[in-house]
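Engineer: One structure coming up, written as structure tokens, with questions to follow.
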């Protein structure tokens, strides 16, 4: 039996396709939208006319001078910056930031704060989060449409319902329902996300040719994290954000990890672990509170100049990551890998031991298919991932209602 599609559902789907095509292309002509979506020119004309009338799209002259010489110049469309506003927030070790972003994806205003995340009380941490958002909203330009979505990325484990911080190495406090707190305070829908998942979303929007259906983003920073896309879907756990690559066991009962357990990959490859190893400190010694990126860069410079404990520390880190990736590849097959974060500046010291370790695992059978890219600054990717999460939500649920992806997890 053939199941028919209702006219309203078809219209919503087509609207979502047109908005998505414009978001990806930036400033396409109607002809280019038709080629991307496979919709008819008449359908494209009707939908774009409606979206322009609603203030979602605006027209602009295309920069294609070749087309202009052949005849009438192409008229392109682009997203109207004033159509909506969203907020992205990021909480990481000793840092909190928030950005006001227009519908075209441009930053309107920013707020950043340094704060001692490990020392703040639960109430003080919540107060800082509420306060930075209040200050940011106070900088909202006159005439802007209201904020429609907040996406809050946190270094730590979040729940699968995208509401709570369940656990984080950057604060002693757990099970904080940030979404409910902020929604009660500001009346704006909030999504709470794991920071590494947002890195994966940001990579896909930034470079969709390389980061398409299957890829992995490994964060090398204060901790070790992972965001993973499989078959076009962002991988998450059934109860949490999942992807806790850094807390897979590398050596049972081994080095002390920040999470309180022993033998995690992070206990060998996190900033604090590399510092501990390079300084010859016992693996069971309590981890340093905050080893900075400058500290790691200084160790890397020493390691490049001469053999010694610094070089050995990076070798051990690369090996731990390699064995973890090799075990993962045994399950999912090799995929492109992005090494993200300030630890990526020392990738030259870790790459060879990493590849050697992968080759010694079942996942190393196809190690020739593995390719690495590096991105030394994770924060722009996290913010970009948060922005695209919020903006595509608006594209699909607000301006094309009924077209949200299943479970809110499609990153296409």
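In the working numbering, the protein residues as written are 468 to 879.
The beta-carbon is built from N, C-alpha and C at its ideal position, and this holds for glycine as well.
Is the CB of residue 596 under 7 Å away from at least one CB in chain B?
Structural biologist: Among the chains of the structure shown, chain B does not appear; only one protein chain is present.
Engineer: Is the stretch 771-778 in contact with the stretch 817-830, if contact means three or more CB pairs nearer than 8 Å?
Structural biologist: Verdict: no, contact absent.
Engineer: Mind checking residue 709: buried by the 16 CB within 10 Å criterion, or exposed?
Structural biologist: Classification for residue 709: buried.
Engineer: Using DSSP with H/G/I as helix, E/B as strand and the rest coil, what is residue 631?
Structural biologist: Of the three classes helix, strand and coil, the one that applies to residue 631 here is coil, per DSSP.
Engineer: Give the C-beta separation of residue 580 and residue 599 to the nearest angstrom, bearing in mind that I take them to be a contact with Cβ-Cβ under 8 Å.
Structural biologist: Contact flag correct, Cβ pair sits at about 6 Å.
Engineer: Rounded to whole angstroms, what is the Cα-Cα separation between residue 638 and residue 547?
Structural biologist: Answer to the nearest angstrom: the Cα atoms are 39 Å apart.
Engineer: Where DSSP assigns a beta bridge to residue 569, which residues make up the other side?
Structural biologist: Bridge partners of residue 569: 552.
Engineer: Does the count of Cβ pairs from the stretch 849-862 and the stretch 606-620 closer than 8 Å reach three?
Structural biologist: Yes, since at least three Cβ pairs between the stretch 849-862 and the stretch 606-620 fall closer than 8 Å, the two stretches touch.
Engineer: Rounded to whole angstroms, how far is the Cβ of residue 744 from the Cβ of residue 783, which I believe are closer than 8 Å?
Structural biologist: Their Cβ separation, rounded to whole angstroms, is 6 Å, which keeps residue 744 and residue 783 in contact under 8 Å.
Engineer: Given this structure, state the Cα-to-Cα distance separating residue 585 from residue 561, to the nearest angstrom.
Structural biologist: So the alpha carbons of these two residues sit roughly 8 Å apart.
Engineer: Contact check, residue 788 vs residue 732 under 8 Å by CB: the rounded distance?
Structural biologist: About 6 Å separates the two Cβ atoms, so the contact holds.
Engineer: In the DSSP assignment, what residue or residues form a beta bridge with residue 697?
Structural biologist: Answer by DSSP bridge pairing, in chain order: 700.
Engineer: Considering only C-alpha positions, which residue in the set 632, 837 and 826 is nearest to residue 681?
Structural biologist: The candidate whose alpha carbon is nearest that of residue 681 is 837.
Engineer: For residue 492, which option in 653, 544 and 610 has the closest C-alpha, if you only look at C-alpha atoms?
Structural biologist: Here the closest residue by C-alpha is 544.
Engineer: Taking three-plus beta-carbon pairs below 8 Å as touching, is the stretch 623-639 in contact with the stretch 569-579?
Structural biologist: The stretch 623-639, when compared against the stretch 569-579, does not touch it at the 8 Å Cβ threshold.
Engineer: Does DSSP put residue 488 in a helix, in a strand, or in coil?
Structural biologist: DSSP places residue 488 in helix when its eight states are reduced to three.
Engineer: Check whether the stretch 685-705 and the stretch 805-812 touch, using three or more Cβ-Cβ pairs below 8 Å as the test.
Structural biologist: Cβ pair count under 8 Å is three or more, so yes.
Engineer: Using CA atoms only, rank isn't needed, just tell me which of 663, 785 and 512 is closest to residue 853.
Structural biologist: For the residues 663, 785 and 512, the minimum Cα distance to residue 853 belongs to 663.
Engineer: What residue range is occupied by the uninterrupted beta strand (DSSP E) comprising residue 576?
Structural biologist: Note, residue 576: beta strand (DSSP E), 574-581.
Engineer: Which residue from 772, 850, 856 and 795 puts its Cα closest to that of residue 815?
Structural biologist: Measuring from the Cα of residue 815, the nearest candidate turns out to be 772.
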